[in-house]
Amino acid sequence: MTDKVFAARPDHVLRGGAQTDEVGQDIVAKGNDYLDRTVVDLTDPPWGNDEIGKKFAENYLETRSDLREAVSALIDAVSNAAKLTADSATNFQAAQNDAIDHLNTTRRRN
């Protein structure tokens, strides 16, 4: 029977953070482009102010607003993911080093 061993590799986690950051930057750029392209001047909407335009606006604006909020939330989440990943790797590495130092110090005393 083999013992199950957990081995964390902070260097791998840091690389994952860098890759997450790369993907995140792309999502941020595309998300911001989407937000820029979906700005609407409600005083002069592209669908007009006639009856058909007003009906379109009733069905479109709320959904558009919800989607813009979702894209903004995605941008925020992805922007934070890389930092959190890198921070967790750094913190784990520090804790791991502290534990190893403690074990080495304890062994020297005994």
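When we follow the UniProt record's numbering, the leftmost residue of the sequence shown carries the number 1, and every step to the right adds one.
Glycine included, C-beta positions come from ideal geometry on N, C-alpha and C.
- Item | Integer-rounded CB distance, given that Leu-14 should sit under 8 Å from Ala-89 | Walking along the sequence shown from the start, residue 89 turns up at place 89. Walking along the sequence shown from the start, residue 14 turns up at place 14. The pair is a contact, with the Cβ atoms about 5 Å apart (cut-off 8 Å).
- Leaving out five residues before and five after Gln-19 in sequence, what residues of the same chain have Cβ atoms less than 7 Å from its Cβ? Mapped onto the sequence shown, residue 19 falls at position 19. No residues qualify anywhere along the chain.
- Thr-85 in three-state terms, based on DSSP: Position 85 of the sequence shown, counted from the start, is the residue given in the question as residue 85. The answer is helix: DSSP assigns Thr-85 an H, G or I state.
- Message: In whole angstroms, give me the CA-to-CA distance for Glu-69 and Thr-63.
- Response: Against the sequence shown, residue 69 aligns to sequence position 69. Against the sequence shown, residue 63 aligns to sequence position 63. Cα-Cα distance, rounded: 10 Å.
- Query: What are the boundary residues of the alpha helix (DSSP H) that Asp-11 is part of?
  - Reply: Locating residue 11 in the sequence shown gives position 11, counting from the first residue. Per DSSP, Asp-11 belongs to the alpha helix (DSSP H) from 10-37.
- Roughly how many angstroms separate the alpha carbons of Arg-108 and His-102, rounded to a whole number? Taking the first residue of the sequence shown as position 1, residue 108 is located at position 108. Taking the first residue of the sequence shown as position 1, residue 102 is located at position 102. Approximately 10 Å between the Cα atoms of the pair.
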